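Student:
Number of protein chains: 2
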Amino acid sequence: MSYTYTINEAHRLMTTQLDVPNRLLLGPGPSNAHPRVLQAMSLPPIGHLDPRFIHLMNEIQELLRYAWQTENSLTIPVSGTGSAGMEAALANVIEPGDVVLIGINGYFGLRLADMAGRYGADVRIIQKPWGQIFSLAELEAAVAEHKPAVLALVHAETSTGARQPLEGVGELCRANHCLFLIDTVTSLGGVPLFLDEWQVDVAYSGTQKCLSCPPGLAPLTLGERAVQKLKNRRHKVANWYLDMSLISNYWGDSRTYHHTAPINMNYGLREALRLVAEEGMAERWARHQAIVELLWQGLAELGLHCHVEPEYRLPSLTTVRIPDGVDGKAVVGRLLNEFNIEIAGGLGELAGKVWRIGLMGYNSRPENVYRLLDGLKRILLGS
Amino acid sequence: MSYTYTINEAHRLMTTQLDVPNRLLLGPGPSNAHPRVLQAMSLPPIGHLDPRFIHLMNEIQELLRYAWQTENSLTIPVSGTGSAGMEAALANVIEPGDVVLIGINGYFGLRLADMAGRYGADVRIIQKPWGQIFSLAELEAAVAEHKPAVLALVHAETSTGARQPLEGVGELCRANHCLFLIDTVTSLGGVPLFLDEWQVDVAYSGTQKCLSCPPGLAPLTLGERAVQKLKNRRHKVANWYLDMSLISNYWGDSRTYHHTAPINMNYGLREALRLVAEEGMAERWARHQAIVELLWQGLAELGLHCHVEPEYRLPSLTTVRIPDGVDGKAVVGRLLNEFNIEIAGGLGELAGKVWRIGLMGYNSRPENVYRLLDGLKRILLGS
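Just so you know, the protein sequences line up as chains Y and B, in that order. Going from the first sequence to my numbering is simple: count from 1 and add 225. Going from the second sequence to my numbering is simple: count from 1 and add 225.
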């Protein structure tokens, strides 16, 4: 071996062993990972074509179907974080010129619109103030007006804490030859979701919210109508890494190599989904609801007000109005630095107006609610 | 909380605690992770905007600059596996209609061409039989003929084991107003690389090869000429998740939220890069070379022949010709099942003709060479 150049040592940073603070992550995500998930992630990697890994892939697919309440064959984790799932969902079902109707009532609706435009969609939008939801009548009127090829809604808006009701929307879409696509990043594993009953054609999520696995994978599912559209595309999917017509061969029977899967992230997701199956969907959803009601009651006792109407509040994420005269950012900073608790401020329309508090998966437990309420009380009331 | 539907328990898979075999991963990747990397990955996640995570991001950037021997400011890990790095590299510097010249002498050259086409490039190719390399004269002639906006070459072809010499190519590109883009997936951290001396404008890699971190991140670096092209784009990058004009704000001074980074994967990459800095580039490259020479000598003693000329053989990946009359796939299967060693067969032109043996990062140690040679000897010679 020989080379002509001198090695530049300027960037040879000698730094310490990693030491991270023990944060209680009650913001919009990531939430704390379950210890069993972290343990699984630290097992040695095996090959992405190893028969043992193939078996694990099948288990993950099956467990995702349970969490999403779907029979969809094409149900897999995309090898990126939640936004990669969003992009995979759009990229695979949009062909240039397709009308894509997007409900924007928060930050992630805006993101859907930005992404859809990059895939050549004719993007149409309907809007609501952040924190409100769309009625079925409003959606019916918009579908009649725009005649979209795809309708995209955010089931759980992480930026606002609002839960978009989805009953009846699937039927509306089928009657109008439109695919129904939803964002379930902050609902999967914590908020009732019935993909097949709701006739959802495409959904995606993330691992770092109610599944209590670190970020790094994005569950994605395509129903039969979406798969048919994918199979009959006129153009290649305009994104190689997220092209489900290729990836489905790796996750399907032929196991054709596409890209190297993030092995240890898949170990973690499997364990996170095992925890979901052990608990059961009914029990898990009920737990999230019971625990968030503890939070809402405690906030009210501190004189704080939730931003979203009770009927449409997410159990996984609560937006709280910052009282007049309170420096919201300073409170976030004190919670982090003095109490080791992370919560977050608002985005977009809600920037400076709300705090965002997440109670997701492993974190949805009474002691976490009490610890946060205590911190807020000490900071806001000085006692 | 109420819902109308009955929960479907059909997919509620009750499965066992994860137990993975202790494979010696001597295929084309992933390689075995260093135990310190797995330990770092199992630490609890913190938020992607936490000041402590921001500090860790800076450390990773600095350590990547050392490993790549570059001063590039825009040097980050992309939140996906190696192929996401390839796509990020292309998507950010290609505008529709750009002539992109790609050297194809293996599988990953083909992949570059497929991806570049999806971003609207006018793809031109030069080809060599798999396992051979392009001479500077051949590249000069091709650049003169095609006048590309981007020239893309694979430094370390994982499918063939060939090392493409890069001296002089950067100068050629600058003289012809062309960006120089290289794939270093199987070279970063194991094979001499001098990005700045070679005047490389864009490079990407993966974590699961010579860095000995599980797959899940893809280091990417853009030099000043590439950043200028990105800043002056006429169209948005046709890929939201990989759009460096947005992501550079998160990794840059403003720290604007783009997507949630894979926190624990970044813990692992930091530790992997610390191990690189502790060892030093000169020592690391010399180790890879010394260890692979042990392998080559042992293979010769077994009567086996390497596919690539000695001068252009990669230290990180060796292709070995399968002798006439030997069932290559059966040998791979026996190594896995009887010896717990993973190696791989060939792809494309080399399918059925070669085995691929990787000695990468943590795995580049004499005992692994001896263990593999012993397994091969027992299978091929029956002793």
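Don't be surprised by glycine CBs; every beta carbon is placed ideally from N, CA and C. In this text, all values refer to a predicted model and were calculated from it rather than measured experimentally.
(1) So, L378 of chain B versus Q389 of chain B, is the Cβ gap smaller than 8 Å?
(2) If I follow the unbroken alpha helix (DSSP H) through Q286 of chain B, where does it start and stop?
(3) On the three-state DSSP scale, how would you describe F564 of chain B?
(4) Which same chain residues, not among the five before or five after Q352 of chain Y, have their C-beta less than 6 Å away from its C-beta?
(5) May I have a chain-ordered list of the beta strand (DSSP E) segments no shorter than 3 residues that lie completely inside the region 352-420 of chain Y?
(6) Got a sec: which bits of the region 294-322 of chain B sit with their beta carbon under 7 Å from any beta carbon on chain Y, in order along the chain?
(7) Apart from the five residues just before and just after P354 of chain B, which ones in its own chain have a Cβ nearer than 8 Å to its Cβ?
(8) Compute the distance between the beta-carbons of V594 of chain Y and W580 of chain Y, then report whether it is under 8 Å.
(9) Taking Q433 of chain B as the reference, give the member of B:D426, B:V427, B:L442 with the closest Cα.
(10) DSSP three-state label for W521 of chain B, please.
(11) Quickly, what does DSSP pair I327 of chain Y with across the bridge? List them, please.
(12) Applying the 10 Å Cβ sphere with the 16-neighbour rule, what's the burial state of N297 of chain Y?
(13) Name the residues in the region 447-470 of chain B whose C-beta lies less than 7 Å from a C-beta of chain Y; which are they?
(14) Taking all protein chains shown into account, decide if H402 of chain Y is buried (16 or more other Cβ within 10 angstroms of its Cβ) or exposed.
(15) Relative to the alpha-carbon of G553 of chain Y, which residue among Y:A511, Y:L601, Y:N565, Y:Y475 has its alpha-carbon at the smallest distance?
(16) Quick check on DSSP: helix, strand or coil for Y595 of chain B?
(17) What residues from chain Y crowd round N247 of chain B, counting only those whose CB sits closer than 8 Å?
(18) List the DSSP bridge partners of Y429 of chain B.
(19) Measuring CA to CA, which of Y:H460, Y:M239, Y:T229, Y:Y230 is closest to K504 of chain B?
(20) On the CB-based measure, 16 or more other CB atoms within 10 Å of its CB, does H530 of chain Y come out buried or exposed?
(21) Between the Cα of V303 of chain B and those of B:Q294, B:M585, B:L467, spot the shortest distance and give me the residue it belongs to.
(22) Is there a Cβ of chain B sitting closer than 8 Å to that of M282 of chain Y, yes or no?
(23) Nearest CA to the CA of T544 of chain B: which residue from B:G583, B:M469, B:W510, B:G523?
(24) Just to confirm, are Y537 of chain B and I358 of chain B a CB contact at a threshold of 8 Å?
(25) Kindly indicate the opening and closing residues of the alpha helix (DSSP H) around P260 of chain B.
(26) Short of 7 Å Cβ to Cβ, which residues in the region 327-347 of chain B face chain Y?
(27) Mind checking whether S437 of chain Y and R512 of chain Y have CB atoms under 8 Å apart?
(28) Pick from Y:A369, Y:G356, Y:E363, Y:A374: whose alpha carbon is nearest that of D347 of chain Y?
(29) With distances taken from CA atoms, which of B:L605, B:Y587, B:G493 is nearest M266 of chain Y?
(30) Check each candidate in Y:Q264, Y:P253, Y:L281 and name the one with the smallest Cα separation from G571 of chain Y.
(31) Please list, in chain order, the chain B residues whose beta carbon lies closer than 8 Å to that of I547 of chain Y.
(32) Look at H280 of chain Y and A486 of chain Y and say whether their C-beta atoms are less than 8 Å apart.
(33) Residues in the same chain with beta-carbon distance under 8 Å from Q294 of chain Y, minus the five sequence neighbours each way, listed in chain order, please.
(34) Helix or strand or just coil, what does DSSP make of I547 of chain Y?
(35) Around the C-beta of R290 of chain Y, are 16 or more other C-beta atoms found within 10 angstroms, so that it is buried, or is it exposed?
(36) Name the chain B residues whose beta carbon is nearer than 9 Å to that of H380 of chain Y?
Tutor: In brief:
(1) yes
(2) 276-293
(3) If DSSP states are grouped into helix, strand and coil, F564 of chain B belongs with the helices.
(4) I329
(5) Whole beta strand (DSSP E) segments, 3+ residues: 375-379, 404-408.
(6) Q294, S304, G305, T306, G307, S308, A309, E312
(7) N330, E574
(8) Contact flag unset, no.
(9) B:L442
(10) helix
(11) Y:I350, Y:A377
(12) buried
(13) If the cut-off is 7 Å between Cβ atoms, the region 447-470 of chain B has K461, A463, N464, W465, Y466 near chain Y.
(14) Classification for H402 of chain Y: exposed.
(15) When each option's Cα is compared against that of G553 of chain Y, the closest is Y:L601.
(16) Shown here, Y595 of chain B sits in a helix according to DSSP, grouped into three states.
(17) P269
(18) B:D408, B:L445
(19) It should be pointed out that residue 504 of chain B corresponds to Glu in this sequence rather than to Lys. Comparing Cα positions, the closest option is Y:M239.
(20) H530 of chain Y should be labelled exposed.
(21) B:L467
(22) no
(23) With distances taken between CA atoms, T544 of chain B lies nearest to B:G583 out of B:G583, B:M469, B:W510, B:G523.
(24) yes
(25) 260-266
(26) D339, M340, R343
(27) no
(28) Y:A374
(29) B:G493
(30) Y:P253
(31) By Cβ distance, chain B contributes nothing, its closest Cβ being about 18 Å from I547 of chain Y, past 8 Å.
(32) no
(33) L418, F419, L420, D421, E422, M506
(34) coil
(35) buried
(36) The contacting residues do not exist; H380 of chain Y stays about 13 Å from chain B at best.
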